[in-house]
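So the structure is just underneath, and the comments pick up after that.
Residue numbers (our numbering), protein chains in the order written: chain W, 1 to 336; chain P, 337 to 792.
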């Protein structure tokens, strides 16, 4: 019994939260990785693009709520996502036309493009803050829990409860669907294959008649879709605050690099690596060992490897270690 | 004279703008803008050395700034004797342990060839060391933080004058840069950018949460100033006389003796803040001028030419027998040390150290905007960038207010759009920075004052 209690404890405090946080990071990391592979620069606007998409999703959610439309037990934001995506796609395409295409045409070094993306980061941040303000916003409605701790305890008769929020299930489900469609697209369709070819060897791809404009456009569209979905899921699960989204850029980059930047599948796994390590290292294992060990050698300290204050620092340290020993990432970058 | 016309005119416009602020708003505001302009200029010079001279991207500026600030605390705060008594010995032991770890890892790396076994050995040393550190430091940290937590709760500093911290800050930042450089300098440009950005976040996390060292988010306030305090000045005979002398014209107009005294009192209070800020401006200007002279000399020395050669063609420079790795590390350390000075200067000016306020937007990306806008590779350009961007950053709000009022002048005061726009004025500065950066990068990619290379 104690053993099952210990397992449930870990599931409740580590596995479930890390899985949903990891999915949200993974969606971000995939598009950062795609942009790095195809457009060949580090896209510093990543976090703010997510907040841009989320902002429009929230605005549409409010609009639908005012009309009285809702999805019952599901959050209204789910119907608003497609509208948010459309606006975000327009935004990235306009941005590409006005800003990035010039440098691509001039074949500027990647560093230059990264700097330009810092410029667009400032602008995006300003737009988001001017439209919706810098404050914390919750836009979740519908049924909050799928499984409550008390219900679980009654059901199983265990001491430990297991809570599953509906947002966590939605996150996981949406992530699986989106990522499978994306990998099917990249691996099976002609456009997807041309994108991979372009990322692999630009000159060769041009020689074989691949239209670079189309490849670039599709990359931006995928980026906008993933950013809006990932951002909205994060916002549903926690809350929407532009500053937090900007900060999320850092673990997203860490995930993309750990997974091997330029490699979307690696980035996808990298998201989970970062999320799990953040939570595993900062969790206090005291209760876990109390269940497992006999009473005589029960621990009295918290058994926490690092305090939760160092959550971000953990993922960045992993990144440093990866950069030191495997600069191309755990899953070998630049293969797409 | 002729060939420096652009530099002179750009600086004239900049100082003109600051003087305009002095007349329109107040001299106190103008001088505090000038102080922060000077601090920003030091930071941009540090970043410019790395980016302009050597082409290294360092997005870790925030981390070095915070370390400089930490240096100001550790140098100027008097030591907390009680805390040293309860935990000092253990903390010194920890420092020795860290040194021992570093040396044993170095020893293993030197002694054994690259192999899996060696990596495991290093990992073992580090893990054992960390466990020992936790065991030794844990109780010590607890007892240190328990010492009078409302005011101290940390080890304190050395109790030296705060001006020393400007040098110590440089050493702190330089040491950190040495470690980071050893780890990350081999990376490609954009990887280096991301790695340094993330490492600077780690530094901030440490400064924020190691309360025994820096009081963390509880902040350290009331750091000693290198210049006189306003309150002391207001009672000093010579200062009151000085103010009276300066304002003779206005004072003579008032005939009533009581009103005259009141007026003088008011003027003394205003004058004291201006005087304090002027002192700071003087101190900061000395730093900026010294650094400008050194960096200019370095830029046109054989070493500077070598750095440019490495930047423009690494392989060729390597083939000519220049040690590219070593030079990169050197310039990385130098640039970061300069940023560390700026960090210490800023804490000196504020008189307080607030680890919670270090954010990448303000301390990393804004500094980069300054470097790019000013002109990378040109020290005068970098300084000008620091001035111009900081000025815009502060004055963005009044400018935005004016523009919003101008464009919405047809709307009623209570119009929802107008009210919303006026509420979000603080965020227009981001918009201005972003658009400014994009425009400069597009139409003047080398900055306002581009790099000029003298050919003999």
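Note that the Cβ used here is the ideal one computed from N, Cα and C, for glycine as well.
Between the beta-carbon of residue i and the beta-carbon of residue j, is there less than 9 Å?
i	j	result
residue 272 of chain W	residue 25 of chain W	yes
residue 152 of chain W	residue 58 of chain W	no
residue 503 of chain P	residue 677 of chain P	yes
residue 317 of chain W	residue 282 of chain W	no
residue 28 of chain W	residue 226 of chain W	yes
residue 509 of chain P	residue 634 of chain P	no
residue 777 of chain P	residue 121 of chain W	no
residue 415 of chain P	residue 534 of chain P	no
residue 728 of chain P	residue 761 of chain P	no
residue 730 of chain P	residue 500 of chain P	no
residue 357 of chain P	residue 346 of chain P	no
residue 105 of chain W	residue 84 of chain W	no
residue 1 of chain W	residue 158 of chain W	yes
residue 477 of chain P	residue 423 of chain P	yes
residue 661 of chain P	residue 405 of chain P	no
residue 44 of chain W	residue 118 of chain W	yes
residue 369 of chain P	residue 726 of chain P	yes
residue 234 of chain W	residue 54 of chain W	yes
Quick check on this structure: which residue in the options has the alpha carbon closest to the alpha carbon of residue i?
i	options	result
residue 284 of chain W	W:84, W:303, W:293, W:270	W:303
residue 381 of chain P	P:693, P:415, P:715, P:552	P:715
residue 73 of chain W	W:143, W:65, W:64	W:143
residue 411 of chain P	P:552, P:505, P:631, P:661	P:505
residue 607 of chain P	P:572, P:423, P:622, P:629	P:572
residue 779 of chain P	W:84, W:103, W:117	W:103
residue 619 of chain P	P:406, P:592, P:681	P:681
residue 643 of chain P	P:384, P:550, P:717, P:614	P:384
residue 109 of chain W	P:486, P:526, P:652	P:526
residue 129 of chain W	P:787, P:763, P:768	P:763
residue 125 of chain W	W:98, W:12, W:77, W:49	W:49
residue 134 of chain W	W:174, W:65, W:186, W:51	W:51
residue 563 of chain P	P:651, P:687, P:600	P:687
residue 617 of chain P	P:377, P:543, P:695, P:665	P:377
residue 214 of chain W	W:270, W:183, W:97	W:97
residue 435 of chain P	P:452, P:419, P:455, P:461	P:461
residue 782 of chain P	P:379, P:581, P:387, P:622	P:387
residue 512 of chain P	P:451, P:565, P:627, P:668	P:668
residue 496 of chain P	P:559, P:524, P:457, P:354	P:559
residue 253 of chain W	W:205, W:30, W:290, W:242	W:30
residue 310 of chain W	P:488, P:552, P:697	P:552
Using DSSP bridges, identify the partner residues of residue i.
i	result
residue 655 of chain P	For residue 655 of chain P, which the question treats as bridged, DSSP gives no partner whatsoever.
residue 137 of chain W	W:240
residue 71 of chain W	W:74
residue 556 of chain P	P:689
residue 284 of chain W	W:304
residue 164 of chain W	W:147
Let's test the definition: count the other Cβ atoms within 10 Å of the Cβ of residue i and tell me whether it reaches 16, buried, or not, exposed.
i	result
residue 417 of chain P	exposed
residue 263 of chain W	buried
residue 498 of chain P	buried
residue 237 of chain W	buried
residue 268 of chain W	buried
residue 647 of chain P	buried
residue 721 of chain P	buried
residue 329 of chain W	buried
residue 333 of chain W	Its pLDDT being 49, under 50, residue 333 of chain W is placed unreliably in this model, and the coordinates cannot settle the point.
residue 474 of chain P	exposed
residue 336 of chain W	Note on residue 336 of chain W: pLDDT 40, under 50, position unreliable in the model; the coordinate value appears next. Flag for residue 336 of chain W reads buried.
residue 631 of chain P	buried
residue 220 of chain W	buried
residue 168 of chain W	buried
residue 664 of chain P	buried
residue 145 of chain W	exposed
residue 574 of chain P	exposed
residue 624 of chain P	buried
For this session: Tell me, please, whether the region 436-451 of chain P touches the region 703-718 of chain P by the rule of three or more beta-carbon pairs shorter than 8 Å.
Result: The answer is no - the region 703-718 of chain P does not touch the region 436-451 of chain P, with fewer than three Cβ pairs under 8 Å.
Exercise. Would you call the region 392-405 of chain P and the region 531-540 of chain P in contact, with 3 or more CB pairs under 8 Å?
Worked result: Touching, per the Cβ criterion.
Problem set entry | Cβ contact check for the region 188-204 of chain W and the region 37-44 of chain W: 3 or more pairs under 8 Å | Taking 8 Å as the limit for Cβ pairs, the verdict is that the region 37-44 of chain W does touch the region 188-204 of chain W.
For this session: Examine the Cβ distances between the region 167-175 of chain W and the region 243-260 of chain W and report whether three or more of them are shorter than 8 Å.
Result: They do not touch, by the three-pair rule.
For this session: Please list the residues of the region 697-730 of chain P that have a C-beta atom closer than 8 Å to any C-beta atom in chain B, keeping them in chain order.
Result: Going by chain labels, chain B is absent from the structure shown, which instead holds the protein chains W and P.
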